[in-house]
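First comes the structure, then the notes that go with it.
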Amino acid sequence: MSDLIDEPSEGENTPEFTVTEISGAVKRTIEGTFGHVRVKGEIGRVSRPRSGHVYLDLKDDRNVLSGVIWKGVAARLAVQPEEGMEVVTTGKLTTFGGQSKYQMVIEDIAPAGMGALMAMLEKRKAALAAEGLFAPERKRELPYLPEVIGVITSPSGAVIRDILHRLRDRFPRKVLIWPVAVQGKQCAPEVTRAIEGFNAMTPGGALPRPDLLIVARGGGSIEDLWGFNEEIVARAAVASDIPLISAVGHETDTTLIDYVSDQRAPTPTAAAELAVPVRSELLAWVEEQGARLTRAATGAVDMRKQRLRDLSRAMPKPESLLDSPRQRLDRATERLPAALTRAAQVKRLRLSEVSGSLRPATLMRRVDEARARLADRAARLNPDLLTRDVKRKKDAFEQISARLSRVATGQVQGWTNRLQALERIRQTLGYKETLNRGYAVVRGDGDVVTTAKAAKKAASLEIEFADGRYAVGAGAAPRKAKPKETPPDQGSLF
Amino acid sequence: MSDKPVDKMSFEEAMAALEAVVGQLERGDVPLEESITLYERGAELKKRCEAKLKEAEEKVAAITLGEDGQPTGTKPVEGL
Chain D
1 MSDLIDEPSE GENTPEFTVT EISGAVKRTI EGTFGHVRVK GEIGRVSRPR SGHVYLDLKD
61 DRNVLSGVIW KGVAARLAVQ PEEGMEVVTT GKLTTFGGQS KYQMVIEDIA PAGMGALMAM
121 LEKRKAALAA EGLFAPERKR ELPYLPEVIG VITSPSGAVI RDILHRLRDR FPRKVLIWPV
181 AVQGKQCAPE VTRAIEGFNA MTPGGALPRP DLLIVARGGG SIEDLWGFNE EIVARAAVAS
241 DIPLISAVGH ETDTTLIDYV SDQRAPTPTA AAELAVPVRS ELLAWVEEQG ARLTRAATGA
301 VDMRKQRLRD LSRAMPKPES LLDSPRQRLD RATERLPAAL TRAAQVKRLR LSEVSGSLRP
361 ATLMRRVDEA RARLADRAAR LNPDLLTRDV KRKKDAFEQI SARLSRVATG QVQGWTNRLQ
421 ALERIRQTLG YKETLNRGYA VVRGDGDVVT TAKAAKKAAS LEIEFADGRY AVGAGAAPRK
481 AKPKETPPDQ GSLF
Chain F
1001 MSDKPVDKMS FEEAMAALEA VVGQLERGDV PLEESITLYE RGAELKKRCE AKLKEAEEKV
1061 AAITLGEDGQ PTGTKPVEGL
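As you go down the protein sequences, you meet chains D and F in turn.
Each step along the first sequence adds one to the number in my numbering, with nothing skipped, and position 218 is 218.
Each step along the second sequence adds one to the number in my numbering, with nothing skipped, and position 16 is 1016.
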């Protein structure tokens, strides 16, 4: 600020704020002015961090407003925010000085009109249908006659009364009522817990587990029925092991649970009709079956009795069985003597026919014929032929004998010649021939002696010449020496 | 014909079995001895059906819930 120029610039007298001061001032202004507002818009991005608070954007075609739902509030909201939902939020505006932001603290959310609700429902339906939860093959058969029926509905009001009345009319049964709120934000969680609770019971336990469930509610506005459109209810119905009939609202109201239940009843009364058969009809049916049973059983016996009667009627009398054979016998007996006489006559006639042609002349003629044939054969029997044949055969035999003799003699002569030739060769090769050429064999004590040394040792010696043997020395007696082996030195001569 | 003992059958099973027995007898093609056995079985099934129908006893109870929403027991319901 200049001392010389005393012209204060514009706005100089405006008080100065610190950032915190202005921030606080804005906060006060905004919270003061917008302490309770309702804002309509479409929900944009929704985030749910661990803290449990819910952060979301509200938007229209131009602007965005940040919103927060504190944890405690979020838990008790009837409608949970979903992206794309058209809603009216109630709450207050506040600022967030640390980031120079403002936002809305939401205390309640309501769908903005029917269209928004229906659009949301369509979206859920599409999602569950895509999971296959509406498939017809998922639907289970209801038990024909359930022992215990679990009814999930409001304990007071027309609905439970209608159901009980109709059950009583048709077939009184054990009924367990699980009281729930059927509208408002408690509706969905309570119905869900009831379905799960019934399924958790053990059959035959202290609390008998129902074998059929009915979830029922009377008619109402779509907002009233909204609890039955909640996904948790639908999923509980899908997970239920106990077959489930849904009867929510009037016939024209179809809620999400109707798509996943095993049977949908248009009204609570209709649900009771689906649940049990009519006892009096069944009693009549059983009676009728009993009657048919007896009729059929006695009928079977009667039928056989009748058949037996018929058959025995059709059976012939025993005496009549013999009538016809007896008649045959009578006729045969009558004809027997006549037949015998006739047979004798026929045979006699044949005998006389045969004996007529039997005469000695016939026999004689046959003898003569045979004799003539004999004479003829005897004349042709001539010994000459036989004799000629014998002579011819004898000549042939003599010829062959002569040839045999010639051949035999020649062969024996040949063998003799060969034998002599061999003997000559044997003689030539023997040592005796050598003796003939002047050599001698010396033997000492019977053995051939070939050295002077051996001759000295011998007690007596014998010398063989070609013409005989000569003993040398005392006691030597001429012996017939056996032919000895040719000594080795002589062997080498060959 | 199922082998399940008759007194273990549900009403529906007994009903179906009885119907089968009656049908078989009515066709009349069952030997006599067997038809007697069948008749006896039919009578037994009929008794079972009647017994199940006689069990038609109404008992209505409401579940009482604790603070946490879990069932704690039942109380009889009158006048509905």
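No residue lacks a Cβ here, since even glycine has one placed at the ideal position from N, Cα and C.
Does residue i come out as helix, strand or coil in the three-state DSSP assignment?
{"i": "A458 of chain D", "result": "coil"}
{"i": "A339 of chain D", "result": "helix"}
{"i": "K59 of chain D", "result": "strand"}
{"i": "K480 of chain D", "result": "Low confidence applies here, because K480 of chain D scores a pLDDT of 47, under 50, leaving its location unreliable; read the following figure in that light. DSSP places K480 of chain D in coil when its eight states are reduced to three."}
{"i": "E83 of chain D", "result": "coil"}
{"i": "M104 of chain D", "result": "strand"}
{"i": "Y67 of chain D", "result": "Looking at the sequence shown, residue 67 of chain D is not Tyr but Gly. Three-state result, G67 of chain D: strand."}
{"i": "S221 of chain D", "result": "coil"}
{"i": "D211 of chain D", "result": "coil"}
{"i": "Y439 of chain D", "result": "coil"}
{"i": "V449 of chain D", "result": "coil"}
{"i": "F96 of chain D", "result": "strand"}
{"i": "Y431 of chain D", "result": "helix"}
{"i": "R307 of chain D", "result": "helix"}
{"i": "S357 of chain D", "result": "coil"}
{"i": "E464 of chain D", "result": "strand"}
{"i": "L1065 of chain F", "result": "strand"}
{"i": "Y144 of chain D", "result": "coil"}
{"i": "G410 of chain D", "result": "helix"}
{"i": "I43 of chain D", "result": "strand"}
{"i": "V1022 of chain F", "result": "helix"}
{"i": "Q345 of chain D", "result": "helix"}
{"i": "I160 of chain D", "result": "helix"}
{"i": "Q490 of chain D", "result": "Residue placement at Q490 of chain D cannot be trusted, given a pLDDT of 49 that sits under 50; what the coordinates show is reported in the next sentence. Helix, per DSSP."}
{"i": "K317 of chain D", "result": "coil"}
{"i": "E485 of chain D", "result": "For E485 of chain D, the pLDDT reaches just 47, beneath the cut-off of 50, and the residue's location in the model is therefore unreliable, although a value from the coordinates is still provided. Residue state, collapsed to three classes: coil."}
List, in chain order, every chain F residue whose beta-carbon is nearer than 9 Å to that of residue i.
{"i": "Q289 of chain D", "result": "M1015, L1018, E1019, V1021, V1022, G1042, L1045, K1046 and C1049"}
{"i": "V233 of chain D", "result": "Within chain F, no residue comes near V233 of chain D; the closest Cβ sits about 15 Å away, beyond 9 Å."}
Report the neighbours of residue i on chain F: residues whose CB is nearer than 8 Å to its CB, in chain order.
{"i": "P172 of chain D", "result": "A1056, E1057 and E1058"}
{"i": "R498 of chain D", "result": "No answer is possible for residue 498 of chain D: it lies beyond the span of chain D, which begins at 1 and ends at 494."}
{"i": "V215 of chain D", "result": "Ordered by position in chain F, no residue passes the 8 Å Cβ test against V215 of chain D, which lies about 14 Å from the chain."}
{"i": "R326 of chain D", "result": "Within chain F, no residue comes near R326 of chain D; the closest Cβ sits about 40 Å away, beyond 8 Å."}
My understanding is that residue i touches residue j, with C-beta atoms under 8 Å, so please give their C-beta distance in whole angstroms.
{"i": "S154 of chain D", "j": "V182 of chain D", "result": "5 Å"}
{"i": "K185 of chain D", "j": "R76 of chain D", "result": "6 Å"}
{"i": "D262 of chain D", "j": "L133 of chain D", "result": "Not quite, the Cβ-Cβ distance comes to about 12 Å (not below 8 Å), so this is no contact."}
{"i": "V548 of chain D", "j": "V68 of chain D", "result": "The question about residue 548 of chain D has no answer, for chain D in this structure spans 1 to 494."}
{"i": "A135 of chain D", "j": "I214 of chain D", "result": "Not a contact, Cβ separation roughly 22 Å."}
{"i": "G44 of chain D", "j": "D57 of chain D", "result": "3 Å"}
{"i": "L176 of chain D", "j": "V1022 of chain F", "result": "About 36 Å separates the two Cβ atoms, so there is no contact after all."}
{"i": "V238 of chain D", "j": "R217 of chain D", "result": "Not confirmed; about 19 Å, so no contact."}
{"i": "D445 of chain D", "j": "A458 of chain D", "result": "5 Å"}
{"i": "I152 of chain D", "j": "W178 of chain D", "result": "5 Å"}
{"i": "P1071 of chain F", "j": "L207 of chain D", "result": "6 Å"}
{"i": "V276 of chain D", "j": "R173 of chain D", "result": "6 Å"}
{"i": "P268 of chain D", "j": "I163 of chain D", "result": "5 Å"}
For a contact meaning CB atoms closer than 9 Å, what does residue i contact in chain D?
{"i": "T1037 of chain F", "result": "Within chain D, no residue comes near T1037 of chain F; the closest Cβ sits about 10 Å away, beyond 9 Å."}
So which residues of chain D does residue i contact, with C-beta pairs closer than 7 Å?
{"i": "V1077 of chain F", "result": "I177"}
{"i": "P1071 of chain F", "result": "G197 and L207"}
What does residue i touch in chain D if you count any residue whose Cβ is under 8 Å from its own?
{"i": "V1030 of chain F", "result": "A300"}
{"i": "G1066 of chain F", "result": "The contacting residues do not exist; G1066 of chain F stays about 11 Å from chain D at best."}
{"i": "E1033 of chain F", "result": "Under the 8 Å cutoff, chain D gives no residues; its nearest Cβ is about 11 Å from E1033 of chain F."}
Note down, in chain order, every chain F residue with its Cβ under 7 Å from the Cβ of residue i.
{"i": "M303 of chain D", "result": "G1028"}
{"i": "R292 of chain D", "result": "V1022 and E1026"}
{"i": "L212 of chain D", "result": "Within chain F, no residue comes near L212 of chain D; the closest Cβ sits about 13 Å away, beyond 7 Å."}
{"i": "L193 of chain D", "result": "Here the sequence assigns Arg to residue 193 of chain D, which means Leu is not the residue at that position. Near R193 of chain D (Cβ distances below 7 Å), the residues of chain F are G1069."}
{"i": "L282 of chain D", "result": "L1053"}
{"i": "R168 of chain D", "result": "E1058"}
{"i": "A297 of chain D", "result": "L1025, S1035 and Y1039"}
Report yes if the C-beta of residue i is less than 8 Å from at least one heavy atom of the ligand ATP; otherwise report no.
{"i": "D162 of chain D", "result": "Of the ligands one can find in the structure shown there are none, so the ligand ATP has no counterpart to examine."}
- Message: Please identify, using Cβ separations under 7 Å, the residues of the segment 150-166 of chain D that lie next to chain F, in order along the chain.
- Response: Only P155, I160, R161 and L164 from the segment 150-166 of chain D bring a Cβ to less than 7 Å from some Cβ of chain F.
- Message: If the cut-off is 9 Å on Cβ atoms, which residues from the segment 244-263 of chain D count as contacting chain F, listed in chain order?
- Response: So nothing in the stretch comes that close.
- Message: So, does the segment 116-129 of chain D touch the segment 245-264 of chain D, judging by three or more C-beta pairs under 8 Å?
- Response: With the cut-off at 8 Å, the segment 116-129 of chain D and the segment 245-264 of chain D touch.
- Query: Does the segment 294-310 of chain D come close enough to the segment 159-167 of chain D to have 3 or more Cβ pairs within less than 8 Å?
  - Reply: Pairwise C-beta distances place the segment 294-310 of chain D out of contact with the segment 159-167 of chain D, as fewer than three of them are shorter than 8 Å.
- Cβ contact check for the segment 191-198 of chain D and the segment 232-243 of chain D: 3 or more pairs under 8 Å: The segment 191-198 of chain D makes contact with the segment 232-243 of chain D; the number of CB pairs closer than 8 Å reaches 3 or more.
- Query: Got a sec: which bits of the segment 127-146 of chain D sit with their beta carbon under 7 Å from any beta carbon on chain F, in order along the chain?
  - Reply: The residues in question are Y144 and L145.
- Query: Are there three or more Cβ pairs, one per stretch, closer than 8 Å when the segment 13-33 of chain D is compared with the segment 97-104 of chain D?
  - Reply: The segment 13-33 of chain D, when compared against the segment 97-104 of chain D, does touch it at the 8 Å Cβ threshold.
- Task: Assess, as a yes-or-no matter, whether the segment 1042-1059 of chain F is touched by the segment 284-293 of chain D under the definition of 3 or more beta carbon pairs within less than 8 Å.
- Result: Touching, per the Cβ criterion.
- Report yes or no: do three or more beta-carbon pairs, one from the segment 1010-1020 of chain F and one from the segment 1038-1048 of chain F, lie closer than 8 Å? Counting Cβ pairs under 8 Å, three or more are found: they touch.
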